[in-house]
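Residue numbering for the sequence shown follows the working numbering, starting at 1478 and increasing by one per position. Note that beta-carbon positions come from the ideal geometry of N, C-alpha and C, so glycine has one too. Bear in mind that the values here come from a model prediction, so they are computed numbers and not experimental data. Since the structure comes first, as structure tokens, the remarks are kept for the end.
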Amino acid sequence: MNRLRTILPALLVLLCLSCSGEQECTVIPRPLSVQSESGVFRAGVPFAVAVEAPETVANALTDYLSSSSLPCHRCDTAATLRLELSDDASLPLSDEGYTLEVRPDRIVVRSRGEAGLFYGIQSLLQLYDRHGARIPALQIADSPRFAYRGMHLDVSRHFFGKEFVKKQLRMMASLKLNRLHWHLTDGAGWRIAIDRYPLLTEVAAWRREPTWQAWQAGNRHYSTASAPGAYGGYYTKDDIREVLACADSLHITVIPEIEMPGHSEEVLAVCPELSCAGKPYVSGEFCLGSEETFVFLENVLTEVTELFPSEYIHIGGDEVSGQAWASCPKCRARMEREGLGSAQALQAYAIRRIGRFLEARGRKLVGWDEILDSGPMPGAAVMSWRGEEGGRRAAALGHDVIMCPGSHCYFDGFQDNPEREPQAFTGYLPLAKVYSYDPAPAALSGREHIIGVQANLWTEYIPTPSQAEYMLYPRMFALAEVAWSAPETKDYADFRRRALRFCDRARRQGYHTFDLRAEFGERTESLAPVRHLAVGCPVHYTYPWHPDYPADGTAALTDGLRGPWSYGTRWQGFRDTDMEVTVDLGRVRPLRSIAADFIQWHSAWIWLPAQVEFSVSDDNSGFRTLAALPNSLPSDCHRPAYRTFAWHGETTGRYVRCRARSQGFPGGWLFTDEIIVN
Ligand code: ACM
């Protein structure tokens, strides 16, 4: 009886699975369709591999398999693992699609393309990792949702060597990601050898400060490789060829980014003649009035295109102020000659010109969404990072678009409780939010132009390889599923279970992942409304809130809703001012406590108040001070902090005033979410 009790539930689960034909599938990204069959693969290991494909393809696939965890050898007869290139009508149409059939006597992967066979192998490797050789019989039919499935890596703010890059390429391949966007140049360091301009790597690739923060807080100068304590590095052309060969073997295209016309302080430090001032360390933007700038950019791009075979070359184009251009005689002369009415138009001129240069070399330009700010950019693809609006606009104009909005795709933000996590950039982007992203919802007009999605890893706050992996994984698993899997198959609870398993696998492979099992989750206070005496009471503001952070307007501080980790919602922001609000409770009431929470978030220039004062009045005049509570957290604390300032006691009153005194940093913010009165 007891034995039956233990066996019965397991039997029921097996029965249910075989009745429904649904397979518990642990593969990430989730395949389009998985049907379970009866039995398990029994042929054992090593797998005897036969490939039906041209010899070069067969060699590439068997070489890959031999370097994988799958015990195998090549054979021509009695194969137990067959890989078949085929154009059979039953196969998925995409060259990246595949079918994978596991039967008791053999496993067959079929595809129209080599990439599809490679992805079928990735699914098989994951099944093997989960089940060993006794893989349950099943049939998978799979193909990707998007053609562009990308990961971006900033190697300027902190430098990551070629072995690190190759390691991430291997993880990308197992997630069926196929584009690495390599951010090779930026103000904090130039990272690619260019023969014609050796100073870019002799000087502009090095600084004295090992962290971006220290460099940023200092004079932001460059150094040389041989200077004592020099930090930095760059990829030689051979390094890049090695990375490209690795990527090619993993069916990944590497897209280099050479930033222009902004984010170029490092270039202008060693080529000051290309800046409007003609001096180093003045501006971060190329002088666009000077022909020398275009000669330089074209020379660099010539060497870049000689190295990189990618169809797309990324030219940046983001975050340009154009301030130096307005007072530069050469830029003004160009604007007049070309009829360019604004800094944006001058930037568009430069980008169009570079686009034509690339086009003449058979390449296409891709840039951040600012490249469309002054109108269409013929032939260019657009990466939408300032939200999705830029991408939507670009898609409506017929541009190819890669979605990577900060809200869902910036992996430099915190993935868990910011008070406990290692320092990161602003924002809270947990796994569930990445997973929830849909880059091309059905209602989007021009959605056929959304060619894919990408996660961006900016590395200002990521000084080490292990920290980079920690920020990437498991969020990259979720991004892979967003990029590959059909949205109608999405199920976060199921994904999270698979992600936990995949984290274990990644750790066994030597990746330093975030510990998903220990995830804390969203700020507890924000999970349920708080009840208190002031809920729904009117609030008078002595100083207005800032229009960028209104939260719920006049209702925000008495709506019963506490702020989440992210200060972008529910928190009300005040800039360059104290915060003073008076809550009208409607009648004189007994009072026992008054509290308000504030945030300090150094990188977002949000500060705790120097002091918070609570006072009460019966008639909205003659306020009695109840408490003046000083802040004890130093302003140089970089870690985000959420602090409650509270008075406890016994009194009565109708009008409750909270005054939070700013620390007075120019441009500084105060953020609060609720005045809680009991
Ligand atoms: C960007 O994050 N500035 C593209």
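Alpha carbons only, please: which of the options is nearest the one belonging to residue i?
| i | options | result |
| --- | --- | --- |
| residue 1558 | 1510, 1610, 2044 | 1610 |
| residue 1631 | 1793, 1820, 1508 | 1793 |
| residue 1652 | 2134, 1634, 1628 | 1628 |
| residue 1848 | 1925, 1968, 1828, 1862 | 1828 |
| residue 1870 | 1908, 1927, 1569, 1606 | 1927 |
| residue 1773 | 1881, 2093, 1748, 2068 | 1748 |
| residue 2160 | 2096, 1866, 1932 | The structure shown does not extend to residue 2160, since the chain spans only 1478 to 2155, so no value can be given for it. |
| residue 1518 | 1614, 1527, 1644, 1734 | 1614 |
| residue 1965 | 2145, 1743, 1917 | 1917 |
| residue 1681 | 1936, 1665, 2014 | 1665 |
| residue 1982 | 1526, 1584, 1604 | 1604 |
| residue 1742 | 1726, 1762, 1655, 2049 | 1762 |
| residue 1818 | 2019, 1976, 1778, 1851 | 1851 |
| residue 2083 | 2050, 2073, 1907, 2098 | 2050 |
| residue 2172 | 2000, 2036, 2005, 1995 | As shown, the chain starts at 1478 and ends at 2155. That puts residue 2172 outside it, with no answer to give. |
| residue 2112 | 1885, 2045, 2141 | 2141 |
| residue 2019 | 2025, 2055, 2042 | 2055 |
Run through DSSP, which three-state label would residue i get?
| i | result |
| --- | --- |
| residue 1980 | helix |
| residue 1554 | coil |
| residue 2178 | Outside the shown range of the chain, which is 1478 to 2155, sits residue 2178, and nothing can be said about it. |
| residue 1843 | strand |
| residue 2090 | strand |
| residue 1752 | strand |
| residue 1684 | strand |
| residue 2140 | coil |
| residue 2099 | coil |
| residue 1662 | strand |
| residue 1933 | strand |
| residue 2149 | strand |
| residue 1689 | helix |
| residue 1498 | At residue 1498 the pLDDT is 48, less than 50, meaning the model places this residue with poor confidence and gives no usable figure here. |
| residue 1899 | coil |
| residue 1891 | strand |
| residue 1649 | helix |
| residue 1986 | coil |
| residue 2042 | coil |
| residue 2118 | strand |
| residue 2066 | strand |
| residue 2059 | strand |
| residue 2084 | coil |
Given that a residue counts as buried once 16 or more other Cβ atoms are within 10 Å of its Cβ, and exposed if not, what is residue i?
| i | result |
| --- | --- |
| residue 1872 | buried |
| residue 2117 | buried |
| residue 2110 | exposed |
| residue 1839 | exposed |
| residue 1764 | buried |
| residue 2114 | exposed |
| residue 1532 | exposed |
| residue 2146 | buried |
| residue 1678 | buried |
Determine, using beta carbons only, whether residue i and residue j come nearer to each other than 8 Å.
| i | j | result |
| --- | --- | --- |
| residue 1709 | residue 1684 | yes |
| residue 2086 | residue 2138 | yes |
| residue 1990 | residue 1947 | yes |
| residue 1997 | residue 1894 | yes |
| residue 2065 | residue 2134 | no |
| residue 1787 | residue 1713 | no |
| residue 2007 | residue 1896 | no |
| residue 1766 | residue 1808 | yes |
| residue 1988 | residue 1950 | yes |
| residue 2057 | residue 2136 | yes |
| residue 2038 | residue 2047 | yes |
| residue 1878 | residue 1857 | no |
Residues bridged to residue i by DSSP?
| i | result |
| --- | --- |
| residue 1588 | 1562 |
| residue 2036 | BP columns for residue 2036 are empty, so no partner. |
| residue 1763 | 1752 |
| residue 1793 | 1737 |
| residue 1577 | 1586, 1617 |
| residue 1708 | 1684 |
| residue 1730 | 1656 |
| residue 1549 | 1524 |
| residue 1596 | Per DSSP, none; premise fails for residue 1596. |
| residue 1880 | 1861, 1930 |
| residue 1775 | Beta-bridge pairing links residue 1775 to no other residue. |
Nearer than 7 Å: is that true of the beta carbon of residue i relative to any heavy atom of the ligand GDP?
| i | result |
| --- | --- |
| residue 1795 | This structure lacks the ligand GDP; its bound ligands are the ligand ACM. |
Examine chain D for any beta-carbon lying closer than 8 Å to the beta-carbon of residue i, and answer yes or no.
| i | result |
| --- | --- |
| residue 1743 | Given the protein chain composition of this structure (a single chain), no chain D is represented. |
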